[in-house]
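Each remark here refers to the structure printed beneath this line.
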Amino acid sequence: MKSLLSAIFLIATLTTFAQKDFQGKAVYMSKSTVDMSSWGRNGQLSEAQKKQIAARMKSMLEKTFILNFNKLESVYKEDEKLAAPTMGGGRSWGGFSGGGIKYKNTKDRVALESKEFFGKNFLISDSMEQPKWELSTESKKIGNYTCYKATMMKDVDPLDWTNMRRRGRKNNTKKDENKKDEAKKDSSNVRKISDEIEMPKQIEVTAWYSPQIPVSNGPGEYWGLPGLILEINAGRTTILCTEIIMNPSEKVDIKKPTKGTEVTRAEYNKTITDKMQQFRESRGRRGRGRRF
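If you count by mature numbering (1 follows the signal peptide of the UniProt record, and there is no 0), then the sequence shown holds residues -18 to -1, 1 to 274, one letter each, in order.
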């Protein structure tokens, strides 16, 4: 009986994906954590202040996204119904950058992201080199789907601040040297938070994909496996699929975004970095009572 049910399920799945206008919808919960021990290690922030900051950041670190996909294309964006209201017309923390739409075409190797930054719209292009996944025979169930494990090393996005960590926290051999360096500081022993943290160059990504959904796609920028990716663990972020609908009654127009100034990812990152540097400098000048 079990074999018969499996055969029926396989036939139904193949029939579904054989449809010319096939479309699927996957809902993902994304949750990130932040190493708060890196914040104010030498007294800049109290424990109460750290907890207050963590509470304010919760809406940024826990989000729901929807992936609408067909055999070759997908669009991925935050669920507008569940998006937390923010200051500045939907922009994120500090008004710097708003959530956008990620588009992928796995056949033509096209990856685009439409995103707002400080009131200006950008159309960011990414390279789509074949990800270097290492496949494993390890498996587990996610909902009704059997998933298999794959891993790879990934370069860290320099703007993904959730991967920041305390500088040298894994290097115990330099503990004494760090103490000596701190002793050389001024009598107030106050250091900038930026001096305490660092960004790793790479992180390990673990994906769980299901061949039962034979599309080479997944949440965000992830793709390149013989089945839809239902779970991602990357650094301090976990993305988990909570719902899948095959051929939903309400179809979505899956197409390339066209809104915004066309830039590469490197150009966009430089724009963000420069703007944030200007922002920090202007706050520093105001803090010293200077006008401009």
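We put the CB at the ideal spot given by N, CA and C, even for glycine.
Looking only at DSSP bridge pairs, what is E213 linked to?
Here residue 213 is taken as the residue at index 231 of the sequence shown, counted from 1. Answer by DSSP bridge pairing, in chain order: W190 and L222.
In whole angstroms, what separates the C-alpha of F104 from that of V138?
On the sequence shown, position 122 is the one that residue 104 refers to. On the sequence shown, position 156 is the one that residue 138 refers to. Rounded to whole angstroms, F104 to V138 spans 21 Å at the Cα level.
Over the uninterrupted beta strand (DSSP E) stretch that includes M135, give me the two end residues.
Indexing the sequence shown from 1 puts residue 135 at position 153. M135 -> beta strand (DSSP E) spans Y127 to D137.
So residue 276 is in the beta strand (DSSP E); what residue range does that whole segment cover?
This structure leaves residue 276 out entirely; the chain is present only between -18 and 274.
Need the endpoints of the beta strand (DSSP E) that T116 sits in, please.
On the sequence shown, residue 116 is found 134 positions in, with the first residue counted as 1. A quick correction: the sequence has Glu, not Thr, at residue 116. E116 -> beta strand (DSSP E) spans E116 to I124.
Return the Cβ separation of F47 and K59 in integer angstroms, given the expectation that the two are a contact with Cβ distance under 8 Å.
Taking the sequence shown and counting its residues from 1, the one referred to as residue 47 is at position 65. Taking the sequence shown and counting its residues from 1, the one referred to as residue 59 is at position 77. Between F47 and K59 the beta-carbon gap is near 7 Å, inside 8 Å, which marks them as a contact.
Between which two residues does the beta strand (DSSP E) harbouring G246 extend?
By 1-based counting over the sequence shown, the position of residue 246 is 264. Reading the sequence as shown, one finds Thr at residue 246 and not Gly. Start and end: T243 to T246.
Proximal residues to P208 (C-beta, below 6 Å), its chain only, five neighbours per side dropped
Indexing the sequence shown from 1 puts residue 208 at position 226. Taken in chain order, the residues that qualify are P193.
Would you check if the distance between the CB atom of P201 and the CB atom of I185 is smaller than 8 Å?
Taking the first residue of the sequence shown as position 1, residue 201 is located at position 219. Taking the first residue of the sequence shown as position 1, residue 185 is located at position 203. Not closer than 8 Å, so no.
When the distance is taken between beta carbons, is T224 closer than 8 Å to V57?
Residue 57 sits at position 75 when you count from the first residue of the sequence shown. Residue 224 sits at position 242 when you count from the first residue of the sequence shown. No. Outside cutoff.
Which listed residue (K252, V92, D61 and P230) has its alpha carbon closest to that of S109
Position 127 of the sequence shown holds residue 109. When each option's Cα is compared against that of S109, the closest is V92.
Straight-line CA distance for residue 295 to T15?
The displayed coordinates of the chain run from -18 to 274. Any statement about residue 295 would go beyond what the structure contains.
Quick one: is Q5 buried, meaning 16 or more other Cβ sit within 10 Å of its Cβ, or exposed?
The residue labelled residue 5 in the question sits at position 23 within the sequence shown. Classification for Q5: buried.
Starting from S56, trace the beta strand (DSSP E) both ways and give me its first and last residue.
Within the sequence shown, residue 56 is the residue found at index 74, counting from 1. Counting along the chain, the beta strand (DSSP E) containing S56 begins and ends at E55 to E60.
In whole angstroms, what separates the C-alpha of Q31 from that of E180?
Sequence index remark: in the sequence shown, residue 31 carries index 49 (1-based). Sequence index remark: in the sequence shown, residue 180 carries index 198 (1-based). Roughly 21 Å separates the two Cα atoms.
Alpha carbon to alpha carbon, what distance is there between F100 and S107?
Position 125 of the sequence shown holds residue 107. Position 118 of the sequence shown holds residue 100. Each residue's alpha carbon lies about 19 Å from the other.
Could you check where the beta strand (DSSP E) with E98 kicks off and where it finishes?
Reading the sequence shown from its first residue, position 116 is the one you call residue 98. E98 -> beta strand (DSSP E) spans V92 to F99.
Measuring alpha carbon to alpha carbon, tell me which of T188, I195, Q260 and P140 ends up nearest T128.
Along the sequence shown, one-based indexing puts residue 128 at 146. Closest by alpha carbon: I195.
Which class does T46 belong to by DSSP, given the choice of helix, strand or coil?
The sequence position of residue 46 within the sequence shown is 64, counting from 1. In the three-state DSSP reduction, T46 falls in the strand class (E or B).
What would DSSP say about D235, mapped onto helix, strand or coil?
As a working note, residue 235 is residue 253 in the sequence shown. Of the three classes helix, strand and coil, the one that applies to D235 here is coil, per DSSP.
Bridge partner(s) assigned by DSSP for M228
If you number the sequence shown from 1, residue 228 lands on position 246. Per DSSP, G6.
Can you give me the Cβ contacts of A37 inside the same chain, cut-off strictly under 8 Å, excluding the 5 residues immediately before and after it?
Sequence index remark: in the sequence shown, residue 37 carries index 55 (1-based). Once the five neighbours on either side are set aside, A37 has no close Cβ partner at all.
Same chain only: Cβ atoms within 7 Å of L222, ignoring 5 sequence neighbours per side
Taking the sequence shown and counting its residues from 1, one reaches residue 222 at position 240. The residues are Y10, M11 and E213.
Assuming K13 and L43 form a contact by the criterion Cβ under 8 Å, report the distance between their Cβ atoms to the nearest whole angstrom.
For the purposes of this step, residue 13 is identified with residue 31 of the sequence shown, where counting begins at 1. For the purposes of this step, residue 43 is identified with residue 61 of the sequence shown, where counting begins at 1. Between the beta-carbon of K13 and that of L43 there is about 7 Å, and that keeps the pair under the 8 Å contact cut.
For residue 278, count the other beta carbons within 10 Å of its own beta carbon; 16 or more makes it buried, fewer makes it exposed. Which is it?
Past the boundaries of the shown model lies residue 278; the chain is included only from -18 to 274, so the question cannot be answered.
Select from D142, W190, M39 and L141 the residue whose C-alpha is nearest the C-alpha of S121.
Residue mapping note: residue 121 aligns to position 139 of the sequence shown, counting from 1. When each option's Cα is compared against that of S121, the closest is W190.
Candidates E98, T133 and K86: closest to W115 by CA position:
Counting from one through the sequence shown, the residue named residue 115 turns up at place 133. With distances taken between Cα atoms, W115 lies closest to T133.
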